[in-house]
Structures are given as C-alpha cells and as structure tokens.
Amino acid sequence: MSTGETPPADEPSTGPQIGVSVALLLVDLMLIAGSVYCVGTAGWAGSYGSDSAAASGASEVAAQAMWLLGGSAVLTGGGLLALGWRIPGIVQLVVLGVGAALVSAMGTG
Numbered sequence: 495m496s497t498g499e500t501p502p503a504d505e506p507s508t509g510p511q512i513g514v515s516v517a518l519l520l521v522d523l524m525l526i527a528g529s530v531y532c533v534g535t536a537g538w539a540g541s542y543g544s545d546s547a548a549a550s551g552a553s554e555v556a557a558q559a560m561w562l563l564g565g566s567a568v569l570t571g572g573g574l575l576a577l578g579w580r581i582p583g584i585v586q587l588v589v590l591g592v593g594a595a596l597v598s599a600m601g602t603g
C-alpha cells in the first residue's frame, strides 16, 4: 500500500487505533497503579506482624493482582488483535504484561 491509498474496508485506520490505544493506556496505568498500591499496602501491613504467616499476605495479593493483569492482557489484547486492531492489541499485551511482571516481582521481594 502506497502513501496516498486508503486502508481496506475491513481494517481500521491508524488514527482511531491510536486514539483507542491512548484511552486504554490510561485505564491500564490506573489498574497497574491500583495493583501496586494494594500489594504495597499488604506488605506494609504484614511488616507489623511478628510471625512469618503475616508476610504471606503480600505474596497472595501479588499473585491475585498478577493473574488479574495477565488475564486482562490476554483477554483485551488478544480480543483486539482478533478484531484486527493491531496497535491497541499490542499495546494492551505489552503494558498489562509488564504490569503483571512488576506486581509479581513486588510480591517476591
């Protein structure tokens, strides 16, 4: 496809894809920030316990947040890719996948 041609009818143009990517990116960042906050709060609250059982609260919350973010990456990213929206699908997979890895790393530390 050369520069002056329009995309095929079944493929969305780049402008709407970028707009959807930016909107979903904001939602993703809020979801990741909330997950990081919950894991941090659980770790902070667990640090006041004297036994080792209290420390497992942060790892449980991190595991739940990791599954939430990872599942969201697969569902939204995969769904958008299946619909032919390549840019937002890849953004969803990358951003939520990195967020899941971040939250998982927080739970182990």
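One rule links them: number in the working numbering = place in the sequence shown (from 1) + 494. For glycine and all other residues, C-beta sits at the position ideal for the given N, C-alpha and C. This structure is a prediction, so every number in the text was calculated from the model and none was measured.
Residue i by DSSP, collapsed to three states: which one?
i, result
"E505", "coil"
"A548", "Caution is warranted here: a pLDDT of 47 is assigned to A548, below 50, making its placement in the model unreliable, and the coordinate value is therefore given only provisionally. If DSSP states are grouped into helix, strand and coil, A548 belongs with coil."
"Y531", "helix"
"L523", "helix"
"G578", "coil"
"S541", "coil"
Would the beta-carbon of residue i fall within 8 Å of that of residue j?
i, j, result
"G601", "A552", "yes"
"L563", "L525", "yes"
"G571", "E505", "no"
"V585", "S515", "yes"
Going by C-alpha distance, which of the options is nearest residue i?
i, options, result
"A604", "A556, S541, G537, P510", "In the structure as shown, the chain starts at 495 and stops at 603, and residue 604 therefore has no counterpart that could be examined."
"S507", "A517, G528, L519, P582", "P582"
"T535", "A517, D522, E554, L519", "E554"
"L519", "A594, Y542, V588", "V588"
Apart from the five residues just before and just after residue i, which ones in its own chain have a Cβ nearer than 7 Å to its Cβ?
i, result
"V592", "none"
"V597", "S529, V530, V533, A556, A559, M560, L563"
"A594", "M560, L563, G564, A567"
Can you give me the Cβ contacts of residue i inside the same chain, cut-off strictly under 6 Å, excluding the 5 residues immediately before and after it?
i, result
"R580", "none"
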